[in-house]
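To start, the structure under review is shown below, and the notes come after it.
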Amino acid sequence: MFRILRYPIIISLISSGYFLFISEYFKLLDNNVLKREIVNKEIIEDKKEIILDKQEKITSSNIKKSIDKIQYDQKNIEILQGDTFVSILENLNFKQKKIYEIVSKIEDSFDLKKIKTGEIISVFENNFGEIKKIEFFKDPETIISINLDQEIDLNIRELTKESFVESKEYTILESLFSDGIKNDVSPDILVKIIGLFSFDLDFQRDIRVNTLVSISYEFDEIIETGKLVYNDIKYASIIIDGKQLEYFKFITDDGYVDYFNREGKNVKKSILKTPLDGAKISSSFGMRKHPISGFNKMHKGVDFAAPTGTPIYAGGNGIIEYVGRNGGYGKYIRIRHNNGYKTAYAHLSNYKKGISKGVRVNQGEVIGYVGSTGNSTGPHLHYEIIYQNKHINPLKLKLPSGKILEGEELEKFKEEYKIIYADHLSMLYE
Ligand SMILES: [Zn+2]
């Protein structure tokens with residue numbers, strides 16, 4: 084039962100939230116968006132059981148619970164390819180004037196274009212077959228409800244949620260992502276972990292079989308629907324060949340959510356080692372057996388195998404110095420960074436709209452897409468890091484880290500990370 088249920092949920096999670104979460108994660112890294120505070124924290128005794136319970140709730144999608152007590156007949160309409168909110172109202176035989184009134188009422192507070200295929204619109208009919216109410220989700224935590232009495236009345240309702248912290252530990256046999264899925268870790272969380280470690284690790288080369296991953300993260304359960312919304316990573320550790328990399332969440336004095344190691348050093352580096360969507364490339368872990376070329380005298384960069392169209396991120400903050408065809412490099416971008424570094428990206432299938440010479444980009448911002456233009460045998464990214472006009476090996480790059488905590492802030496961090504770590508261990512082993 085559990086296995087049968089699990090896959091559709093995972094697939095729908097991947098397809099709906101996947102790219103959103105990548106971009107959200109990098110926004111988090113770059114803008115340090117302050118996330119919602121945890122309302123209450125609960126240590127979960129038997130994690131597996133609780134998760135199972137929730138996933139069953141998702142599928143039964145108990146929307147009925149959230150509806151007023153008046154006796155209405157509820158019809159759930161799934162939005163199919165090609166449907167619009169208006170076309171659905173037309174199918175329900177609403178008059179054009181009424182449709183216009185309803186739509187303009189909603190669009191005061193919600194952009195109806197944001198409703199996606201697969202989402203549900205619920206309509207409620209009274210005994211005479213008149214639709215008296217329309218409801219749909221604005222986001223997993225919010226319902227928009229339109230009452231259709233004499234006047235059209237719009238109601239936005241926040242659903243109740245409960246917050247949890249959960250810990251997991253697993254060994255990589257294939258890839259961080261696929262083994263994470265096998266260990267019931269949400270794809271949303273896996274994408275965040277890959278983003279967090281992409282400053283330190285090249286997921287195609289550094290991860291070895293028997294790498295140990297240990298993580299703790301926050302999530303909310305929406306009580307009415309059973310839906311889970313994943314929030315911040317609290318703790319993440321990767322141990323490769325006995326070498327440990329670990330990061331703790333910390334809200335800095337200036338109010339940013341950020342990640343630091345035990346010494347209070349920030350996760351951020353001035354240039355990324357892996358300027359690609361880590362989940363995409365980590366899935367080609369098998370490439371290790373047939374390594375695509377690494378850095379040497381003849382080959383002054385590193386190649387990352389990834390499907391055509393995979394987004395390429397700016398390796399660091401900087402200014403676009405070159406965009407265009409460049410001989411064997413095919414479609415090519417070069418960025419000038421402020422500290423004597425440049426990064427170059429070759430064989431692209433396309434450039435991101437708006438990327439042109441002189442444009443300022445932020446680390447993690449999409450600049451183009453993986454392809455196979457120029458001298459290339461298959462889709463991959465050729466990535467070069469140039470320091471004072473000399474090519475250096477991105478894989479051996481040691482760059483200064485970002486913010487380092489000091490003084491009272493460091494003391495505060497040390498107290499907090501000890502609590503995070505103790506909670507993590509107790510959730511794993513008690
Ligand atoms: Zn190359």
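Sequential numbering from 84 applies to the sequence shown in the working numbering.
Virtual Cβ for every residue (Gly too), placed ideally from N, Cα, C.
8 Å Cβ shell around D262 - same chain, five flanking residues per side excluded
Same-chain partners within the cutoff: Y253, T254, I255, L256 and V296.
Which word fits P374, buried or exposed, when buried means at least 16 other C-beta atoms lie within 10 angstroms of its C-beta?
For P374, the pLDDT reaches just 38, beneath the cut-off of 50, and the residue's location in the model is therefore unreliable, leaving the point undetermined.
Assign Q514 to one of two classes, buried (16 or more other C-beta atoms within 10 Å of its C-beta) or exposed (fewer than that).
An answer regarding residue 514 cannot be provided, because it is not within the stretch 84 to 513 covered by the chain.
Do you know how far the Cα of V350 is from the Cα of L172?
Rounded to the nearest angstrom, the two C-alpha atoms are 50 Å apart.
On the DSSP bridge assignment, give the partners of E304 in chain order.
Bridge partners of E304: E245 and L311.
Measuring CB atoms only, is the region 485–497 touching the region 403–417, in the sense that at least three cross pairs come out at less than 8 Å?
Contact between the region 485–497 and the region 403–417 is absent, because fewer than three Cβ pairs lie under 8 Å.
Does the separation of the CB atoms of Y434 and P394 fall below 9 Å?
With respect to P394, Y434 sits apart: the two C-beta atoms are not nearer than 9 Å.
Between the Cα of S455 and the Cα atoms of L231, A388, F286 and G347, which residue gives the shortest distance?
The shortest C-alpha separation from S455 is found at A388.
Here's the rule I'm using: 16 or more other beta-carbon atoms within 10 Å means buried, otherwise exposed. How should I305 be labelled?
By the 10 Å Cβ count, I305 comes out buried.
Report the start-end ranges of each beta strand (DSSP E) in the region 188–224 that is 3 residues or longer and not cut off at the edges.
203–208 and 214–222, all fully within the region 188–224.
Give me, in chain order, the residues of the same chain whose beta-carbon lies closer than 7 Å to that of Q327; leave out the 5 immediate sequence neighbours on both sides.
For Q327, where only same-chain residues beyond five positions count, the Cβ hits under 7 Å are S320.
In whole angstroms, what is the alpha-carbon distance linking I182 and I204?
Cα atoms of I182 and I204: separation of roughly 15 Å, rounded to the nearest angstrom.
Distance check for K196 and K215, CA to CA, integer angstroms please.
Taking the Cα positions, K215 is about 23 Å away from K196.
Check V442 in the structure and name its three-state DSSP category.
Three-state result, V442: coil.
In angstroms, rounded to a whole number, what distance separates the CA positions of K497 and I226?
Cα-Cα distance, rounded: 40 Å.
Host beta strand (DSSP E) of E404 (start-end)
Run containing E404: G401 to R408, per the beta strand (DSSP E) assignment.
Tell me the rounded alpha-carbon separation between I160 and E208.
Between I160 and E208, the C-alpha separation is close to 13 Å.
Let's see if you can read the secondary structure: which residues bound the alpha helix (DSSP H) around Y428?
Counting along the chain, no alpha helix (DSSP H) covers Y428; the unbroken beta strand (DSSP E) around it starts and ends at Y424 to L431.
Spatially closest choice to E513 from N476, F168 and S250, by CA coordinates:
Comparing alpha carbon positions, the residue from N476, F168 and S250 closest to E513 is S250.
Can you confirm whether the region 231–247 touches the region 269–289 when touching is taken to mean that 3 or more C-beta pairs between the two stretches lie within less than 8 Å?
No contact exists between the region 269–289 and the region 231–247.
Quick check: the Cα distance between N314 and I272, rounded to an integer number of angstroms?
Approximately 8 Å, taken between the alpha carbons.
CB-CB length for T357 against F286, believed under 8 Å:
The Cβ separation is near 6 Å, so the contact holds.
Could you tell me how far apart the beta carbons of F331 and Y339 are, in whole angstroms, since I believe they sit closer than 8 Å?
Going by Cβ atoms, the distance from F331 to Y339 rounds to 14 Å, so no, they are not a contact pair.
In terms of residue numbering, what span does the alpha helix (DSSP H) encompassing Y500 cover?
Residues G490 to Y512.
Check: A429 C-beta below 8 Å from any heavy atom of ligand 1:
Inclusion of A429 in the 8 Å shell around ligand 1 follows from its C-beta lying nearer than that to a non-hydrogen atom of the ligand.
So, Y405 versus G447, is the Cβ gap smaller than 9 Å?
Result no, Cβ atoms of Y405 and G447 do not sit closer than 9 Å.
Output needed for Y318: all residues of its chain with C-beta closer than 6 Å, excluding positions within five of it in sequence on either side, in chain order.
Cβ contact annotation for Y318 (same chain, cutoff 6 Å, sequence separation greater than five): S299, F331, I503 and H507, in chain order.
Cutting at 6 Å between CB atoms, please list the residues of its own chain near I469, excluding the five before and the five after it.
Answer for I469: K425, listed in chain order.
Verify the contact flag: G413, CB atom, against every heavy atom of ligand 1, threshold strictly below 8 Å.
It does not: the Cβ of G413 is nowhere closer than 8 Å to a heavy atom of ligand 1.
Could you give the residue range of the alpha helix (DSSP H) that holds D271?
That run of the alpha helix (DSSP H) goes P270 to F280.
Taking the beta carbon of I239 as the centre, do at least 16 other beta carbons fall within 10 Å, making it buried, or is it exposed?
Around the C-beta of I239, fewer than 16 other C-beta atoms lie within 10 Å, and the residue is accordingly described as exposed.
Among the candidates E245, E307 and D303, whose CA atom is the shortest distance from the CA of F220?
Residue E307 is the option with its Cα nearest to F220.
Excluding the five sequence neighbours on either side, which residues of its own chain have a C-beta within less than 6 Å of the C-beta of S269, listed in chain order?
Same-chain partners within the cutoff: Y313.
Only counting the same chain, and skipping five residues up and downstream in sequence, which positions put a Cβ closer than 7 Å to that of P223?
Same-chain partners within the cutoff: I305, K310 and V312.
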